[in-house]
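Enquirer:
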Amino acid sequence: MAYRNGAFVVDTREGRLAQVIGGAGGRVQLRKPGGGLEWEVPFTSLRLATREEREAAGLWPAGPRPAYGCGECAELDAARRAAAEGDDEVRAGDALVAQRRHWRSAHMLGGGAG
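Letter by letter, the sequence shown follows residues 1 to 114 of the UniProt record's numbering.
1) If I follow the unbroken alpha helix (DSSP H) through Asp94, where does it start and stop?
2) Quick check on this structure: which residue in Leu46, Ala24, Leu76 has the alpha carbon closest to the alpha carbon of Trp103?
3) Work out the CA separation of Leu48 and Phe8 for me, nearest whole Å.
4) With a 10 Å radius around its C-beta and 16 neighbouring C-beta atoms as the bar for buried, classify Arg80 as buried or exposed.
5) How would you call Ala18, buried or exposed, if buried means at least 16 neighbouring beta carbons within 10 angstroms?
6) Run through DSSP, which three-state label would Gly23 get?
7) Let me confirm a value: Leu30 is counted as buried when at least 16 other C-beta atoms fall within 10 Å, else exposed. Which label applies?
8) Using beta-carbon positions only, say whether Phe43 and Val28 come within less than 8 Å of one another.
9) Grouping DSSP H, G and I as helix and E and B as strand, with all else coil, what is Leu30?
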């Protein structure tokens, strides 16, 4: 199994949460989530980060609340919930993608609160 660029993993040698930025052969390049220090790890020293680990690191909002009091997060969350209650799976999927895309661009990549 290979880890795709952008995946959140744990360097099991030190228990550090990291984001995959590349790889070649049996080694994977990592960096601290959101940027910063980069390092290289043997593939065998990694595992995928759990949802709980990602939430604890602030990489996805815990619970049903929108993040940071962001108005756009609240609107997208309401739209996702409304779509999930209906029978249109495509609409529900699109709403989830929109919510996650906003979260990634506005809150993970330094865009600030919406």
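Backbone N, C-alpha and C fix where the C-beta goes; we use that ideal spot for every residue, glycine too.
Expert: According to the structure data:
1) Counting from 1 along the sequence shown, the entry for residue 94 is found at position 94. Counting along the chain, the alpha helix (DSSP H) containing Asp94 begins and ends at 89 to 102.
2) Sequence index remark: in the sequence shown, residue 103 carries index 103 (1-based). Ranking Leu46, Ala24, Leu76 by Cα distance to Trp103 puts Leu76 first.
3) As a position in the sequence shown, residue 8 is number 8, starting the count at 1. As a position in the sequence shown, residue 48 is number 48, starting the count at 1. Inter-residue distance for Phe8 and Leu48 is about 6 Å (C-alpha atoms, whole angstroms).
4) Here residue 80 corresponds to residue number 80 of the sequence shown, with the count starting at 1. The residue in question, Arg80, is buried, as its Cβ has 16 or more Cβ neighbours within 10 Å.
5) The residue you call residue 18 lines up with position 18 of the sequence shown. With 16 or more neighbouring CB atoms inside 10 Å of its own CB, Ala18 falls in the buried class.
6) In the sequence shown, the residue the question calls residue 23 occupies position 23. Here Gly23 sits in strand by DSSP.
7) For the purposes of this step, residue 30 is identified with residue 30 of the sequence shown, where counting begins at 1. When all chains shown are included, Leu30 counts as buried.
8) Position 43 of the sequence shown, counted from the start, is the residue given in the question as residue 43. Position 28 of the sequence shown, counted from the start, is the residue given in the question as residue 28. The answer is yes: Cβ separation under 8 Å.
9) For the purposes of this step, residue 30 is identified with residue 30 of the sequence shown, where counting begins at 1. Looking at Leu30 - three-state DSSP - the assignment turns out to be strand.
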